[in-house]
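Here is the structure we will look at, set down as C-alpha cells.
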Amino acid sequence: MTLFAPFPAGRPRRLRRDSATRDLVREHRLHAHDLILPVFVQEGQGLTDPVPSMPGVARVSLDRLLPQAEEAHRLGIRALALFPVIQADRKDPEGREALNPDGLVPRVVRALKSALPDLALITDVALDPYTSHGQDGVIDAQGRILNDETVGILAQQAVVQAEAGVDVVAPSDMMDGRIGAIRQALEAAGQIHTRILAYSAKYASAYYGPFRDAVGSATNLGKADKKTYQMDPGNGDEALHEVAMDIAEGADMVMVKPGVAYLDIVYRVKQAFKRPTFAYQVSGEYAMLKAAAAQGWLDHDAVMMETLLGFKRAGADAILTYHALEAARLLRGA
Ligand code: PBG
Numbered sequence: 521m522t523l524f525a526p527f528p529a530g531r532p533r534r535l536r537r538d539s540a541t542r543d544l545v546r547e548h549r550l551h552a553h554d555l556i557l558p559v560f561v562q563e564g565q566g567l568t569d570p571v572p573s574m575p576g577v578a579r580v581s582l583d584r585l586l587p588q589a590e591e592a593h594r595l596g597i598r599a600l601a602l603f604p605v606i607q608a609d610r611k612d613p614e615g616r617e618a619l620n621p622d623g624l625v626p627r628v629v630r631a632l633k634s635a636l637p638d639l640a641l642i643t644d645v646a647l648d649p650y651t652s653h654g655q656d657g658v659i660d661a662q663g664r665i666l667n668d669e670t671v672g673i674l675a676q677q678a679v680v681q682a683e684a685g686v687d688v689v690a691p692s693d694m695m696d697g698r699i700g701a702i703r704q705a706l707e708a709a710g711q712i713h714t715r716i717l718a719y720s721a722k723y724a725s726a727y728y729g730p731f732r733d734a735v736g737s738a739t740n741l742g743k744a745d746k747k748t749y750q751m752d753p754g755n756g757d758e759a760l761h762e763v764a765m766d767i768a769e770g771a772d773m774v775m776v777k778p779g780v781a782y783l784d785i786v787y788r789v790k791q792a793f794k795r796p797t798f799a800y801q802v803s804g805e806y807a808m809l810k811a812a813a814a815q816g817w818l819d820h821d822a823v824m825m826e827t828l829l830g831f832k833r834a835g836a837d838a839i840l841t842y843h844a845l846e847a848a849r850l851l852r853g854a
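In terms of my numbering, the sequence shown is residues 521 to 854.
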C-alpha cells in the first residue's frame, strides 16, 4: 500500500493559479451600491467636530455634510443614514424634540433631498438622541421602558420624518409592535411610499460605545443598559422570530446589528426569509480596525475590504458602514 496516491484526486488550486481565473470564478463582489454611509449631523455652521473614538468620523453641520453627501453620491453610494446630535437643552424625559417638524433631522432631510434628490436618505426612529436619560423610549418612575407609550411616539416621529421627505425610516428602538404601528401611521398620513428598514435583530451590544460617545447619549445613559429591549447576544432563533414579526407587520427591509460578531444571524435571516437583509457594521467595529491599523498591526484597507466582502458572502444586500466613503473610493480606483 502506498502512503500517497500518485496525484491528488482534485486540484482546487487550478482555479487560484492566476488572477484572471480568480476573478472569473469569484462568487461575491463588493460594489459601491452595497454601501450605506451613516453620518452624524449637528446644528450650526462650519462645524466639523471629530469623534475621538472613531478616527475619520466627525459630527458636522449641514453645510459640511453636503459636500460629503455629494462625494458619496458621486462614488455610487446610494444612501445615507442620518443620526442627529441634539443639544443638551433640547433633550427631555419624553424626547419631545423628536416630533418637531422643524427639528434638525427634518431640516437636514429637506436640504439634502433638494440638493441630491437621487441620494436615498434613511432616518433613525428611536428616542435616544432626544431623551435626557439616553434610553430609546420613555420610562416610568422606576426607569422601566414603557413599550406601548413609546410606540405611539415613535409612530409620530416616523410620520414627521416621512413628511420631511425621507425615503426610508429605520426604527432602531426594539420596542414590541412598533413596525405595525409605524406602518399604520404612515398609511393614515398618506405616506404610502415610505419604506421601513426594521432593525429587527438588534443586540444589546458593547460595540455601540463609540456611537453613544458621538451622539452624547453615553453620558445620559450612565450605568443603565438597554437589555430589556435589545436582544441577548446568546440568542439566534429569537432573531428569526423578531424578523418574522417585523415582516408580518410591514417591514420592507430588515437589519441585523452589529455586524461581524453576528454574521451567522445575517446568514440565517437571509436563508430563512429571502428578503432584503441589511447589516450594520457598527461604531465599535470601525474603531477596532482604526486602532489596530494606527498601531501598524493590520493592513487597514485590505482588512476593511475583506470584512465588507464577508458581509456579502453571509447574505447581506447592503451594509451600513462608517467605511463607506473610503471603501467606495478604493472600489473606484480599482
Ligand atoms: C440608537 C442607535 C444606536 C446605534 C444606532 N442607533 C445605539 C444604541 O442602540 O445605543 C448604534 C450604531 C453604532 O454603534 O454604530 N437607537
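Ideal Cβ positions, reconstructed from N, Cα and C, are used throughout, including at glycine.
Contact test: residue i Cβ vs the ligand PBG heavy atom, cutoff 6 Å
i, result
"residue 876", "With the chain covering 521 to 854 only, the question about residue 876 has no answer from this structure."
"residue 692", "yes"
"residue 837", "no"
"residue 646", "yes"
"residue 728", "yes"
"residue 656", "yes"
"residue 480", "Any property of residue 480 remains undetermined from this structure, which presents the chain solely from 521 to 854."
"residue 798", "no"
"residue 731", "yes"
Residue i, buried or exposed, once every other Cβ within 10 Å from all chains shown has been counted against 16
i, result
"residue 830", "buried"
"residue 545", "exposed"
"residue 556", "buried"
"residue 615", "buried"
"residue 893", "Because the chain is modelled from 521 through 854, residue 893 falls outside the range shown and cannot be assessed."
"residue 621", "exposed"
"residue 673", "buried"
"residue 805", "buried"
"residue 752", "exposed"
"residue 593", "buried"
Contact set for residue i: own chain, Cβ-Cβ below 7 Å, skip 5 residues either direction
i, result
"residue 665", "655, 657, 659, 748 and 749"
"residue 558", "601, 603, 840 and 842"
"residue 567", "580, 581 and 584"
"residue 537", "none"
"residue 766", "699, 718, 720 and 774"
"residue 850", "821 and 825"
"residue 756", "784, 785 and 788"
Own chain partners of residue i with C-beta closer than 6 Å, once the 5 adjacent residues on each side are dropped
i, result
"residue 675", "701, 702 and 705"
"residue 686", "629, 641 and 643"
"residue 575", "810"
"residue 697", "671"
Cut-off 8 Å between Cβ atoms - residues of its own chain near residue i, not counting five sequence neighbours on either side
i, result
"residue 590", "635 and 636"
"residue 852", "552, 595 and 596"
Tell me the start and end of each unbroken beta strand (DSSP E) in the stretch 738-790 that is at least 3 residues and wholly inside, in chain order.
-> 773-777
Check whether the stretch 736-756 touches the stretch 801-817, taking contact to mean three or more Cβ pairs, one atom from each stretch, closer than 8 Å.
-> no
Unbroken alpha helix (DSSP H) runs of length 4 or more, entirely within the stretch 677-719: which are they?
-> Correct list: 698-708.
Per the contact definition of three or more C-beta pairs closer than 8 Å, is the stretch 523-533 in contact with the stretch 808-822?
-> Two segments are said to touch when three or more pairs of C-beta atoms, one from each, lie closer than 8 Å; by this definition the stretch 808-822 does not touch the stretch 523-533.
Using 8 Å as the threshold, is the stretch 763-775 in touch with the stretch 708-721, meaning 3 or more CB pairs across them?
-> yes
Whole beta strand (DSSP E) elements within the stretch 571-637, 3-residue minimum | 578-581 and 599-605
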